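K.L.:
Number of protein chains: 2
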Amino acid sequence: MVRWEPGAQERLQQAALELFATRGFEQTTAMEIAQSVGLTERTFFRHFSDKREVLFHGQHLLVEAFLAGVDAAPADASPIEIVAFALRSAASFFLDERRPHSRTRQFVIDQNPALQERERHKLASIAAAVADALRARGVDEPAATLAASSGVTVFGIAFAQWIREDEQRSLADIAAAVLRELLSLTEQAAASGRIP
Amino acid sequence: MVRWEPGAQERLQQAALELFATRGFEQTTAMEIAQSVGLTERTFFRHFSDKREVLFHGQHLLVEAFLAGVDAAPADASPIEIVAFALRSAASFFLDERRPHSRTRQFVIDQNPALQERERHKLASIAAAVADALRARGVDEPAATLAASSGVTVFGIAFAQWIREDEQRSLADIAAAVLRELLSLTEQAAASGRIP
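Chains B and E, in that order, give the protein sequences.
So the mapping is simple: our numbering equals the position in the first sequence, first residue as 1, plus 230.
So the mapping is simple: our numbering equals the position in the second sequence, first residue as 1, plus 230.
#1: Kindly indicate the opening and closing residues of the alpha helix (DSSP H) around H290 (chain B).
#2: Given a threshold of 16 other Cβ atoms within 10 Å of its Cβ, counted over all protein chains shown, does A374 (chain E) qualify as buried or as exposed?
#3: What residues from chain B crowd round S422 (chain E), counting only those whose CB sits closer than 7 Å?
#4: By DSSP, does Q427 (chain B) sit in helix, in strand, or in coil?
#5: At which residue ranges does the stretch 311-374 of chain B contain complete beta strand (DSSP E) runs of 3 or more residues, listed in the order of the chain?
#6: When we look at the beta-carbon of A344 (chain E) and count the other beta-carbons within 10 Å, is it buried (16 or more) or exposed?
#7: List, in chain order, every chain E residue whose beta-carbon is nearer than 7 Å to that of P372 (chain B).
#8: Pull up the CB-CB distance for I263 (chain B) and L285 (chain B), whole angstroms please, since I reckon it's below 8 Å.
#9: In whole angstroms, what is the alpha-carbon distance linking M231 (chain B) and R282 (chain E)?
#10: Given M261 (chain B), which residues of its chain have a CB within under 8 Å of its CB, disregarding the five upstream and five downstream residues?
#11: Cutting at 8 Å between CB atoms, please list the residues of its own chain near A269 (chain B), excluding the five before and the five after it.
#12: Does the Cβ of A361 (chain E) have 16 or more other Cβ atoms within 10 Å, making it buried, or fewer, making it exposed?
#13: So the alpha helix (DSSP H) A420 (chain E) belongs to, where does it begin and stop?
#14: Taking DSSP as the reference, what is the three-state secondary structure of L247 (chain E)?
#15: Would you call the CB atoms of L401 (chain E) and A302 (chain E) closer than 8 Å?
#16: Compare the Cα-Cα distances from R318 (chain E) to each of E:D326, E:Q336, E:T334, E:G299 and report the closest residue.
#17: If you drop the 5 nearest sequence neighbours on each side, which residues of the same chain put their C-beta closer than 8 Å to that of L291 (chain B)?
#18: For T383 (chain E) versus S380 (chain B), is the C-beta spacing smaller than 8 Å?
#19: Compare the Cα-Cα distances from S415 (chain E) to each of B:A314, B:E256, B:A246, B:A405 and report the closest residue.
#20: Expressed to the nearest angstrom, what Euclidean distance is found between the alpha-carbon atoms of K352 (chain B) and Q289 (chain B)?
Listed below in structure tokens is the structure:
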């Protein structure tokens with residue numbers, strides 16, 4: 231048996247996504263994924279702990295991208311400015327050539343409540359990690375949690391827009407636009423003088 | 231067998247919370263909950279579909295409280311102002327006398343990842359319902375989702391503060407303070423002129 235298959239991980243991931251999207255996540259086994267690209271189930275499990283892991287592989291890299299953005303913000307940046315840096319860093323993780331892949335992945339997740347739960351958990355973990363990083367920079371509560379959660383909300387909305395078929399802008403550009411929209415919404419509310 | 235037990239639901243709920251908190255959620259059965267207050271398992275299942283339901287019972291009332299707040303906002307209110315109304319309405323759902331109950335419930339949820347998932351799902355459902363209601367009032371995207379998600383973030387932070395042992399303020403007062411903090415954070419960021 232071949233001990234190392236060059237590109238096996240990417241081939242398995244691509245094959246898994248296609249099978250999940252066409253047959254359904256529940257109806258696809260690790261064995262079928264492996265066989266569809268001429269690999270063994272054993273090779274599959276050398277790369278992924280289970281078939282769900284194919285969809286959430288690389289999550290730690292996304293968290294690290296957010297945190298690298300927090301680190302890159304100037305020392306005097308306000309909490310929301312720090313979050314703007316984190317968003318830009320996280321967005322750069324998603325190259326435009328990954329858009330069809332991300333779109334198919336989201337399609338698969340949207341079909342399956344358990345995968346949606348897992349995705350919510352992922353986003354909640356990112357918000358918690360960013361809030362930790364803000365506190366480590368001296369940001370108090372509730373500012374740290376508010377800023378971090380707002381950042382993840384902006385990211386989620388921007389991501390959903392980025393994978394739309396008719397969207398051409400980069401994820402970074404969309405995230406910046408959604409963040410500006412949040413600032414303009416809150417500005418409008420503050421200016422009304424009617425928030426108690 | 232007694233067909234109707236006055237106050238059975240409240241007694242079951244109280245007993246369940248105590249057992250969940252002392253023994254653990256997983257280690258407690260519906261039968262034990264019922265027996266601890268001299269009721270039968272059958273009576274338990276007349277009131278709750280399963281033991282998890284004890285913790286999430288009344289969730290639709292909370293969603294309705296948020297939506298009643300949206301309805302109560304003046305026609306010319308901006309999205310964040312509407313959310314302020316929704317927060318005030320939702321907060322009024324939690325009387326101060328319920329604080330110990332809510333504190334114990336949260337303690338139980340914090341011990342159990344599956345219950346945390348369920349709680350996240352509840353909050354996501356509220357955000358989706360409020361965003362729907364905002365769109366029905368003519369608010370565009372992404373403003374509707376941004377405002378609704380911000381409202382639920384504020385609610386979550388305020389709720390965690392409200393159930394702290396040293397906290398005396400009402401949930402409505404805390405939620406209003408957290409919302410003001412969000413406005414001041416975004417104002418600070420907008421004023422910096424450094425958000426791209």
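Don't be surprised by glycine CBs; every beta carbon is placed ideally from N, CA and C.
The structure displayed is predicted, hence computed values, not measured ones.
P.N.:
On the basis of the coordinates in this document:
#1: 289-302
#2: buried
#3: S308, E311
#4: A question about residue 427 (chain B) goes unanswered here, because the residues of chain B that appear run from 231 up to 426.
#5: none
#6: exposed
#7: I387, V408, E411
#8: I263 (chain B) to L285 (chain B), Cβ: 12 Å. No contact.
#9: Note on M231 (chain B): pLDDT 46, under 50, position unreliable in the model; the coordinate value appears next. Cα to Cα, the separation comes out at about 48 Å.
#10: E271, F274
#11: Note that residue 269 (chain B) is Leu in the sequence shown here, rather than Ala. If we look at L269 (chain B) and ignore the five residues flanking it on each side, its Cβ neighbours are E235, A238, R241, L242.
#12: buried
#13: 401-422
#14: helix
#15: no
#16: E:G299
#17: F323
#18: yes
#19: A quick correction: the sequence has Leu, not Ser, at residue 415 (chain E). Per the Cα distances, B:A314.
#20: 8 Å
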